[in-house]
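The structure appears below as structure tokens.
In our numbering, the protein residues as written are 95 to 523.
In structure tokens form, the structure reads like this:
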């Protein structure tokens, strides 16, 4: 779903509409960038694509508007890293497999912390723009005085369809109406529909008629699934498979009449397969390392060492998060989850720590591994697509305040754990 959204330039439409809506707000381009990143994170669960895409789309726009390089870089890098926390985060999938925690519960638990972190980013950016308008100048008056109906229709045609698709996919997982695989399949089909619809040449009468028929067919399929979800009717798997198959066939058949071409669809499928293969190999590596580590009794000396420090639960949590924070400087999140989580996990029971809650703190903490030098992948992703005159040191300086915000959000989550635990406890009593 995420790769189709990216390849079909749906994110471009979304950013433009949010830019219009946020016009009267200080640092409107930065706010539109952060909101776009948060929405795109819910469609992909990966970091590199979001940082690169927003580096090509939003970063030049902010520089042209006179934004300070550091705050523009910080917004793109920090917003692009939200995919490591906000569902459907690949990191949460790997942690769930490593820790034996339900991925669905992790998704539910990460929902509000993700919103909290994105909101803190937005709040900080607005405050900085108010205190020092030179950092993020307001747009010219003619770009702010947009008719309300134009803003409304821009949001209706670009924001609401994508937000509805993502909400339906994630909502069906969290509500237990569909498995992650089923929701991902329906989300991909919905993304294909959006790609075909946005790229359709409506000057051709046949394209308009086909799109109308396609939309009616999709609506009937969704209505059938909703009725089966909330009634005693059983979903006939054969009917569902035929419906999904016809949807894909019709979508591909409409490609000649749209700007979204078959080559883009093929590339999206290839990238999805590559990402899935990467996750599968990470699972294998994680399980293998955990099994060998446990078989050799590797956790025993670590446990004895930690217990000898006479730490309470709070002390252990602080120690664990400091270690993970330091590991994030030279290592990527995959190494941290695969190699070091099996060391910490046996200690959670000793200190009576919920693995779900620990995973949410780790997900927040690992945000810093993408922002902190020397191996800060997000700044390097941005540098790769930024203008040549942009200095990597300015990018690093720009992300530092947002890295501090991540640490503040960790403190808030630890102080008020119900931010992350209320939804999974409510949904899965």
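Note that CB positions come from ideal geometry on N, CA and C, so glycine has one too.
Being a predicted model, the structure only gives us computed values, none of them experimental.
Closest residue to residue i among the options (Cα-Cα distance)
i	options	result
residue 245	398, 510, 108, 256	108
residue 121	105, 152, 146	152
residue 524	365, 523, 461, 239	Outside the modelled stretch of the chain, which goes from 95 to 523, sits residue 524, for which no answer is possible.
residue 258	133, 507, 432, 505	133
residue 242	395, 115, 440	115
residue 458	424, 485, 497, 436	497
residue 176	210, 202, 486	210
residue 390	431, 436, 145, 401	436
residue 182	173, 195, 202	202
residue 485	163, 522, 112	163
residue 160	184, 191, 227	227
residue 394	254, 518, 474, 439	439
residue 250	515, 111, 490	111
residue 260	248, 239, 282	282
residue 239	359, 273, 117	117
residue 287	256, 266, 275	256
residue 154	405, 504, 483	483
residue 106	368, 247, 253	253
residue 214	520, 519, 505	505
Check whether residue i and residue j have beta carbons under 9 Å apart
i	j	result
residue 277	residue 137	no
residue 382	residue 447	no
residue 445	residue 410	yes
residue 125	residue 224	no
residue 479	residue 149	yes
residue 476	residue 170	yes
residue 230	residue 156	yes
residue 499	residue 218	yes
residue 180	residue 135	yes
residue 119	residue 221	no
residue 172	residue 401	no
residue 455	residue 517	no
residue 198	residue 522	yes
residue 469	residue 425	yes
residue 233	residue 123	yes
CB-CB length for residue i against residue j, believed under 8 Å
i	j	result
residue 463	residue 422	3 Å
residue 200	residue 453	6 Å
residue 204	residue 186	6 Å
residue 418	residue 433	Going by Cβ atoms, the distance from residue 418 to residue 433 rounds to 11 Å, so no, they are not a contact pair.
residue 193	residue 449	5 Å
residue 495	residue 168	6 Å
residue 289	residue 104	7 Å
residue 195	residue 472	Between residue 472 and residue 195 the Cβ distance is about 26 Å, and since that is not below 8 Å, they are no contact.
residue 174	residue 131	5 Å
residue 442	residue 397	Their Cβ separation, rounded to whole angstroms, is 11 Å, which puts residue 442 and residue 397 out of contact at 8 Å.
Which of helix, strand or coil DSSP assigns to residue i
i	result
residue 180	coil
residue 482	coil
residue 422	coil
residue 438	helix
residue 161	coil
residue 227	coil
residue 213	helix
residue 107	helix
residue 168	helix
residue 447	coil
residue 196	coil
residue 471	helix
residue 327	Low local confidence applies: a pLDDT of 48 at residue 327 is under 50, so the model's placement there is unreliable, with the coordinate-based value given in what follows. Looking at residue 327 - three-state DSSP - the assignment turns out to be coil, as it is neither helix nor strand.
residue 296	Any reading at residue 296 needs caution, since the residue's pLDDT is 48, under 50, leaving its predicted position unreliable; the model's value is listed next. Looking at residue 296 - three-state DSSP - the assignment turns out to be coil, as it is neither helix nor strand.
residue 508	helix
residue 363	helix
residue 523	coil
residue 403	coil
residue 456	helix
residue 281	helix
residue 390	coil
residue 500	helix
residue 149	helix
Contiguous alpha helix (DSSP H) assignments of at least 4 residues, all confined to the region 233–269: 235–238, 242–248, 254–268, all fully within the region 233–269.
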